[in-house]
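Each remark here refers to the structure printed beneath this line.
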Amino acid sequence: MEFLIIAVVVLLAVGLFRYYRQRNYLKVLTEDQFREGYRKAQLIDVREPQEFERGHILGARNIPVSQMRQRLVEMRKDKPVYLYCQSGTRSARAAQLLHKKGYQDIYHLKGGFKKWTGKIKTKN
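What follows is the structure, encoded as structure tokens:
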């Protein structure tokens, strides 16, 4: 029982540490804040291609988080990066990778694509 309590405390501490560290480099934006800036930035949808084809924010490029490491050359470090996925989990993971690779201006959409109410494009 004591081991279980220690394990839970350690997991919570690690989670809190990651959360606070992530807040230093990843800015979470509401949909309105996201709309204000994404046209002047690199808008990246980090979902898989089949998800992207079913619908994505108008103007977004699809660079799945699973391919991001190999496709970093397609992204500029001198421009803000606006990320989104379906719910926010994968875009946070992508932001962590970008941060480690030297990207500074990283934003992601709170709630992800499923909360987006703006214009979308679908593949016909």
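Positions 42 to 165 (this note's numbering) are the ones given, in order, by the sequence shown.
All C-beta atoms, glycine included, are put in the ideal place defined by N, C-alpha and C.
Item, Value
"Inter-residue Cα distance where the pair is Pro-90 and Gln-145", "26 Å"
"Residues near Lys-151 in its chain [Cβ-Cβ closer than 7 Å; skip 5 each side]", "Val-69, Leu-70, Thr-71, Gly-129"
"Cβ neighbours of Lys-156 in the same chain (closer than 6 Å, five flanking residues each side left out)", "none"
"CB-CB length for Leu-99 against Lys-162, believed under 8 Å", "5 Å"
"Bridge partner(s) assigned by DSSP for Lys-162", "His-97"
"Identity of the residue in Phe-44, Arg-95, Asp-119, His-140 nearest Cys-126 by Cα", "Arg-95"
"Exposure of Gly-143, with buried meaning 16 or more beta-carbon neighbours within 10 Å", "exposed"
"DSSP-derived helix/strand/coil call for Tyr-61", "Low local confidence applies: a pLDDT of 48 at Tyr-61 is under 50, so the model's placement there is unreliable, and no value is given."
"Span of the beta strand (DSSP E) around Gln-83", "83–86"
"Contact under 9 Å by Cβ, Leu-139 with Leu-113", "yes"
"Ser-132 to Tyr-123 span [Cα, whole Å]", "9 Å"
"Same chain, Cβ closer than 6 Å to Gly-153, five either side skipped, listed in chain order", "Tyr-125, Cys-126, Gln-127, Ser-128, Gly-129"
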